[in-house]
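**Student:**
Residue numbers (full-length UniProt numbering): 1 to 203.
(1) Expressed to the nearest angstrom, what Euclidean distance is found between the alpha-carbon atoms of residue 126 and residue 171?
(2) Would you mind stating whether residue 84 and residue 111 have Cβ atoms separated by less than 8 angstroms?
(3) In the DSSP assignment, what residue or residues form a beta bridge with residue 9?
(4) Decide if residue 207 is buried, meaning its Cβ has at least 16 other Cβ atoms within 10 Å, or exposed.
(5) Can you grab the Cα-Cα spacing for the pair residue 165 / residue 79, in whole Å?
(6) Among 41, 128 and 53, which residue has its Cα nearest to the Cα of residue 19?
(7) What first and last residue would you give for the alpha helix (DSSP H) that runs through residue 115?
(8) Can you grab the Cα-Cα spacing for the pair residue 157 / residue 115, in whole Å?
(9) From residue 3 to residue 40, what does the alpha carbon distance come to, in whole angstroms?
(10) Just verifying my parser: in three-state terms, what is the DSSP assignment at residue 193?
(11) Decide if residue 54 is buried, meaning its Cβ has at least 16 other Cβ atoms within 10 Å, or exposed.
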């Protein structure tokens with residue numbers, strides 16, 4: 001009997017096959033301990049049919065392929081986020097994307113694992129099978145708690161873009177957000193960074 005049930009939702013017929021091959025050749029768990037289920041991605045019926053099926057199944061991990069464009073996947077992400085908040089879905093959710101991922105609610109980044117589809121094998125396996133030692137789990141919990149108190153996912157994205165030399169209007173165009181919104185994220189992030197640096201100095 002499989003111990004772990006992984007559901008993939010994608011329109012890419014090679015996506016699940018590639019993931020299955022990756023897990024089959026991995027050394028993390030025996031192949032017969034993993035069950036991989038494929039579900040097609042239908043924007044119009046995701047919340048009514050696909051999400052309902054996931055809630056009623058033994059879904060440990062859901063891997064959503066977000067490379068089909070923001071217009072298509074944002075509704076699905078919103079529905080998954082609401083289900084997690086309401087406690088009607090207990091699965092760990094991994095969003096796999098190409099080039100960029102745009103979630104307009106910054107708190108979503110605290111609920112989802114995000115991975116580039118070109119990520120290395122180790123990163124993909126680590127997202128599904130996290131670190132096992134007690135010390136690693138403790139360190140990960142502390143790191144997550146600190147990151148939530150520090151910068152949100154969207155603030156981190158904006159500040160990284162700025163440090164890379166991008167102008168606010170360029171970031172706004174890239175993330176498809178208003179310039180005012182980008183400046184708000186930037187100002188909040190800079191205020192947090194300055195506060196933390198001040199605390200570090202006096203610590």
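Quick reminder that beta carbons are idealized off the backbone N, C-alpha and C, glycines included.
**Tutor:** Walking through what the data contain:
(1) 30 angstroms
(2) For residue 84 and residue 111, yes; Cβs fall inside 8 angstroms.
(3) The partner list for residue 9 (beta bridge, DSSP) reads 39 and 64.
(4) Only positions 1 to 203 of the chain appear in this structure, which leaves residue 207 out of reach.
(5) 34 angstroms
(6) The shortest Cα separation from residue 19 among 41, 128 and 53 belongs to 128.
(7) Taken as a continuous stretch (DSSP letters only), residue 115 belongs to no alpha helix (DSSP H), being part of the beta strand (DSSP E) at 113-116.
(8) 14 angstroms
(9) 23 angstroms
(10) helix
(11) buried
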